[in-house]
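Notes follow the structure.
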């Protein structure tokens, strides 16, 4: 039969309690006299600091208890009315947040899931246009015809503008830079290096963003999401291959919207 050793007279008492076996120890000991565990973490008067979220939970719990505590008399009636108004305010705020964030979240998901569809403008105009290179050529569906401004040189500030019959949710914009998709012809005129995209919507005033193009022939796609777009403008800010006898040309601009 196995028996336990009877405790010493002062065992189980002391100022420092062992964190491993709960045995009391004198305050001058560094290791537990029963199991040998270190006593450094259990010094007398030491406290454990709670994490910030535990402290926050305690504060919220105390506040909730104060709110729901029953009170009598006139103050009790005022208290109950205050709780009711607070609950209504919280519900209204929650509902408003769900509506606003829910609509934005729904739009973001739909933008990712749908296949953008092309849309044609009802009118196209430009700040200026060279002979035989009118603004309408940027939407004729042919990559070897192009718009170019009337003046030669850098062309900074020259623009082409597209207007739509009804507001669209813009998703993608494809720009065909230069005069042709063929490399040798492409290099004969200047090409835009940076375009400023200005978007007019039915909700707010014009919004502006920058499109930076590579110096290469063919389509370059830009993802730019704007709701209720009625007009867009592409303004030349920088170019490639500019010279005194050259014009900065754009062959084609394709606009894609969200269906529905």
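Residue numbers (our numbering): 10 to 269.
Using N, Cα and C, we set each Cβ at its ideal position, and we do this for glycine too.
Where does residue i fall in DSSP's three states?
{"i": "residue 241", "result": "strand"}
{"i": "residue 115", "result": "helix"}
{"i": "residue 90", "result": "helix"}
{"i": "residue 47", "result": "strand"}
{"i": "residue 121", "result": "helix"}
{"i": "residue 131", "result": "coil"}
{"i": "residue 107", "result": "The pLDDT assigned to residue 107 is 49, lower than 50, so where the model puts this residue is not dependable; a value taken from the coordinates is nonetheless given after this. In this structure, residue 107 counts as helix in the three-state DSSP scheme."}
{"i": "residue 206", "result": "strand"}
{"i": "residue 138", "result": "coil"}
{"i": "residue 212", "result": "coil"}
{"i": "residue 197", "result": "coil"}
{"i": "residue 233", "result": "strand"}
{"i": "residue 260", "result": "strand"}
{"i": "residue 265", "result": "strand"}
Pick out whichever of the options has its Cα sitting closest to the Cα of residue i.
{"i": "residue 253", "options": "178, 223 and 199", "result": "199"}
{"i": "residue 155", "options": "138, 64, 266 and 225", "result": "138"}
{"i": "residue 250", "options": "212, 188 and 238", "result": "188"}
{"i": "residue 179", "options": "192, 209, 153 and 186", "result": "209"}
{"i": "residue 166", "options": "94, 215, 263 and 243", "result": "243"}
{"i": "residue 204", "options": "64, 94, 128 and 241", "result": "241"}
{"i": "residue 212", "options": "222, 192 and 239", "result": "239"}
{"i": "residue 117", "options": "245, 246 and 236", "result": "236"}
{"i": "residue 245", "options": "74, 44, 131 and 135", "result": "135"}
Please list, in chain order, all residues of the same chain as residue i whose beta carbon is under 7 Å from its beta carbon, the five residues on each side excluded.
{"i": "residue 41", "result": "27, 29, 30, 32, 34 and 48"}
{"i": "residue 248", "result": "163, 164, 199, 200, 201, 202 and 257"}
{"i": "residue 159", "result": "137, 138 and 139"}
{"i": "residue 120", "result": "180, 234 and 267"}
{"i": "residue 123", "result": "267 and 268"}
{"i": "residue 255", "result": "161, 198 and 199"}
{"i": "residue 125", "result": "180, 181, 265, 266 and 267"}
{"i": "residue 131", "result": "172, 173 and 174"}
Just the Cα atoms here: how many angstroms apart are residue i and residue j?
{"i": "residue 144", "j": "residue 164", "result": "15 Å"}
{"i": "residue 141", "j": "residue 206", "result": "25 Å"}
{"i": "residue 181", "j": "residue 196", "result": "26 Å"}
{"i": "residue 150", "j": "residue 175", "result": "21 Å"}
{"i": "residue 260", "j": "residue 220", "result": "16 Å"}
{"i": "residue 98", "j": "residue 71", "result": "21 Å"}
{"i": "residue 90", "j": "residue 96", "result": "10 Å"}
{"i": "residue 157", "j": "residue 186", "result": "11 Å"}
{"i": "residue 232", "j": "residue 218", "result": "11 Å"}
{"i": "residue 44", "j": "residue 100", "result": "56 Å"}
Tell me which residue opens and which closes the beta strand (DSSP E) that residue i is part of.
{"i": "residue 173", "result": "168-186"}
{"i": "residue 221", "result": "216-221"}
Considering only residues of the same chain and omitting the five flanking positions on each side of residue i, which have a CB-CB separation below 8 Å?
{"i": "residue 133", "result": "144, 145, 147, 148, 169, 170, 171 and 172"}
{"i": "residue 153", "result": "188, 189, 190, 191, 194 and 260"}
Relative to the ligand HEM, is the shortest distance from any of its heavy atoms to the C-beta of residue i smaller than 7 Å?
{"i": "residue 62", "result": "In the structure on display, the ligand HEM does not appear, and there are no ligands present to speak of."}
For residue i, I'd like the list of residues in its chain whose CB is within less than 6 Å of its CB, leaving aside the five on either flank, ordered along the chain.
{"i": "residue 216", "result": "208"}
{"i": "residue 57", "result": "Unreliable placement is indicated for residue 57, whose pLDDT of 47 sits below 50; no coordinate value is reported for it."}
{"i": "residue 183", "result": "228, 230 and 263"}
{"i": "residue 128", "result": "177, 264 and 266"}
Alpha helix (DSSP H) containing residue i: first to last residue?
{"i": "residue 40", "result": "Note, residue 40: premise wrong, no alpha helix (DSSP H); not H, not E."}
{"i": "residue 255", "result": "From DSSP, residue 255 is part of no alpha helix (DSSP H); its letter is neither H nor E."}
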